[in-house]
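The number in the numbering used here is simply the position in the sequence shown, starting from 1, with 122 added.
Reviewing the structure listed below.
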Amino acid sequence: MADRRIMTIAALIFLLFNSAAVWCGTVYIEVSHANDGTLVWCAPTGPSQTFRLDYTHSVDLTPIDELYKIGGDGEIVLTDTSFVMIGAGVEFYAGVGQLSIEGNRIHLTGLNRSIKRYLLRVGVTANQRLTVHENTVRLLDIANPGDLVEIKVR
């Protein structure tokens with residue numbers, strides 16, 4: 123009987139928290155293991171807010187910075203990317219986005235590429251860092267090298 127009351131109270135608290143989050147417009151960027159959905163990190167943000175993924179190119183060993191926006195239906199949208207050189211695996215299509223060069227960095231803006239499911243393999247060389255507002259996490263601090271993680275909006 124006591125277990126049932128505890129479960130009921132826990133469920134009510136969960137529903138209250140999630141209802142308040144939806145009502146207040148709170149959105150979370152979550153990182154979870156892709157194979158079993160285990161949540162390993164999350165950070166609060168809001169609709170139409172941005173977040174950043176920074177990493178080191180695994181072949182050229184140069185920094186790459188990507189800026190994402192939360193779309194209207196909770197989708198992840200790549201808006202901008204910045205890098206030192208166009209190397210293996212760095213996409214660039216003429217006529218897509220605007221290209222500019224500042225110092226030694228190439229900037230692509232206005233990409234607006236929607237990502238339906240954002241799967242990412244955690245890499246030692248890549249040393250990926252996810253930043254939501256002032257909250258930054260190294261993916262190697264929350265997952266093992268080689269793990270497949272999913273970044274999603276909830």
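Ideal placement from N, C-alpha and C gives every residue a C-beta, glycine not left out.
Item to complete: Name, in chain order, the residues that DSSP records as bridge partners for Ile278.
Response: Residue 278 falls outside the range modelled here, since the chain spans only 123 to 276, and no answer is possible.
Item to complete: Would you tell me roughly how many angstroms separate the C-alpha atoms of Ile223 and His229, rounded to the nearest one?
Response: So the alpha carbons of these two residues sit roughly 6 Å apart.
Worksheet item: What are the start and end residues of the alpha helix (DSSP H) that includes Asp195?
Response: First-last for Asp195: undefined, no H or E at that position.
Worksheet item: Helix or strand or just coil, what does DSSP make of Ile202?
Response: At residue 202 the sequence reads Asp, which differs from the Ile that was named. DSSP places Asp202 in strand when its eight states are reduced to three.
Item to complete: Assign Leu183 to one of three DSSP states: helix, strand, or coil.
Response: coil
Worksheet item: From Gln250 to Thr231, what does the alpha carbon distance come to, in whole angstroms?
Response: 21 Å
Discussion item. Going by DSSP, what residue range makes up the beta strand (DSSP E) through Asp176?
Written reply: From DSSP, the beta strand (DSSP E) with Asp176 extends over 172 to 178.
Worksheet entry | Where Leu262 falls: helix, strand or coil (DSSP) | helix
Item to complete: Would you mind reading off the limits of the beta strand (DSSP E) that contains Arg227?
Response: Segment 227 to 231, the beta strand (DSSP E) holding Arg227.
Fill in: Identity of the residue in Ala265, Leu261, Val149, Leu242 nearest Leu252 by Cα
Closest in C-alpha terms to Leu252, from the list Ala265, Leu261, Val149, Leu242, comes Leu261.
Worksheet item: Does the distance from the C-beta atom of Ser154 to that of Val199 stay below 7 Å?
Response: The Cβ atoms of Ser154 and Val199 do not sit closer than 7 Å to each other.
Item to complete: List the whole-angstrom C-beta distance separating Asp195 from Asp187, where the pair is believed to meet the contact cut-off of C-beta under 8 Å.
Response: With a Cβ gap of about 25 Å, Asp195 and Asp187 do not count as contacting.
Practice prompt. Return yes when the Cβ of Ala156 is within less than 7 Å of the Cβ of Val254, no when it is not.
Written response: no
Practice prompt. Tell whether a beta-carbon distance below 7 Å holds between Val271 and Leu242.
Written response: yes
Discussion item. Please return the same chain residues whose Cβ sits closer than 8 Å to the Cβ of Val275, not counting the five positions on each side in sequence.
Written reply: Short of 8 Å from the beta carbon of Val275, and not among the five residues preceding or following it, lie these beta carbons of its own chain, in chain order: Val149, Tyr150, Ile151, Glu152, Ile192, Gly196, Glu197, Ile198.
Worksheet item: Straight-line CA distance for Leu161 to Gln220?
Response: 36 Å
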